[in-house]
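Numbering-wise (this note's numbering), the sequence shown opens with residue -4 and increments by one.
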Amino acid sequence: MSLETLAPDSKPVDIVAALQRDGACIVREVLDAETLERLNADLAPWIERSKPGSDDFTGRQTKRTGALVARCPESRPIVTHPLILEAANAFLDPWCHRIQLHLTQTIHIMPGQGSQALHRDRLAWGGFIPKPIEPQFNTIWALTDFTKENGATHVIPGSQDWPLDRNPESPDESIQAEMTAGSVLCYSGTVIHGGGQNNTDAARLGLNITYCLSWLRQEENQYLSCPPHIAKDLDPTLTDLLGYTMGNYALGYYASPEMVDDLPDTLPPEIALGRKPDGIPGNTLISNGPTDANVDDLVARAGTNSSQVE
Ligand SMILES: O=C(O)CCC(=O)C(=O)O
Ligand SMILES: [Fe+2]
């Protein structure tokens, strides 16, 4: 049993192949030292002020910090990292038109924290998603080195193929994702894994960024963690991932909170951010509603005038 470690110049298809085979893989040294330093400096004040978890699963000696897209500009290029985003899109493509951001969270495992219960992240949806559908593509970026001693993530390669009700018989069935800072562990929503025990006197810091099918509810509510007044200044690649775009024909439109005469009540979310929708092929909601000709007018009336963007 092993976890494949890919080189930094690997292709998205290599990650997808490893995830399909093992449920997880490491891509080593994706972030250079300078990027890592900037990222850690941006995150540190937020982690500093975060409280440890209040139950055993989140970890009473573990600090979790979210809303990273809104709070930490340095996290944004990590969320949209081309290698990872392409791999996530390719991996989840069989089950959706689009993917979206599921959560952003630093996981700061402090000295004395025990192992997290092994689990599958897809249980966030309560076990209702049929087994053949893979809902999720996950990453944990190592922001400190991940070692056996400091709590490197445990993974059971191959467990994505087990029946969903099969649990590991012993923690020894797992292996740990040991990797240097700047490397990233990629894993599916179905593979069994969990945070490790920290036996050292320094914290283990991971940046957990996960993606899911755009027709599922997000674990971290991105419309609240990154509301329109912040999202409107972000890159469209990022705002599409947050969910400010149609997820499918008829999925994700909004109506202006005030009734505005002659305004379609099926507005694509981009209008609330003050910009044109990208649209998705065949989306007649968009083509029947705001067209290129009237989109500026719509943005003026429904977007920036809306209380959602104030
Ligand atoms: O911190 C880790 O290594 C894993 C955390 C995890 O799997 C979770 O919180 O769902
Ligand atoms: Fe997890």
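Even glycine gets a Cβ: it sits at the ideal position worked out from N, Cα and C.
- When the beta-carbon positions are compared, Ser209 and His92 come within less than 8 Å of each other.
- Burial is judged here by how many other beta carbons sit within 10 angstroms of a residue's own beta carbon; Val8 has fewer than 16 and is exposed.
- In terms of side-chain proximity, the C-beta atom of His188 is found nearer than 7 Å to a non-hydrogen atom of ligand 2.
- Taking all protein chains shown into account, Ala82 has 16 or more neighbouring C-beta atoms within 10 Å of its C-beta and is therefore buried.
- The segment 162 to 175 and the segment 204 to 218 do not touch, with fewer than 3 CB-CB distances between them shorter than 8 Å.
- DSSP places Pro7 within a helical segment (H, G or I) once states are collapsed to three.
- At a cut-off of 7 Å, the beta-carbon of Ile225 does not count as near ligand 1: no heavy atom of the ligand is closer than that.
- Our two residues, Thr57 and Gln108, have alpha carbons roughly 7 Å apart in a direct line.
- Residue ranges of uninterrupted beta strand (DSSP E) with 3 or more members, entirely inside the segment 147 to 200 and ordered along the chain, are 179 to 183.
- Spatial neighbours of Ile128 in its own chain (CB-CB distance under 7 Å, excluding positions within 5 residues in sequence) are listed in chain order as Trp90.
- In terms of Cβ geometry, Thr101 and Leu38 form a close pair [threshold 8 Å].
- At least one heavy atom of ligand 1 lies closer than 7 Å to the C-beta of Ile104.
- Excluding sequence positions up to five before and after Ala119, its CB lies within less than 7 Å of the CB of Glu214, all in the same chain and listed in chain order.
- Asp116 has its Cβ nearer than 7 Å to a heavy atom of ligand 1.
- DSSP links Thr0 through a beta bridge to Ile21.
- Of all alpha-carbon atoms in Glu24, Cys67, Phe86 and Ser49, the one lying nearest the alpha-carbon of Ala36 is that of Cys67.
- Between the alpha carbons of Thr134 and Ile204 lies a distance of about 5 Å.
- Annotation for Phe132: no alpha helix (DSSP H) segment contains it, though the beta strand (DSSP E) segment containing it runs Gln131 to Ala137.
- Shown here, Tyr218 sits in a helix according to DSSP, grouped into three states.
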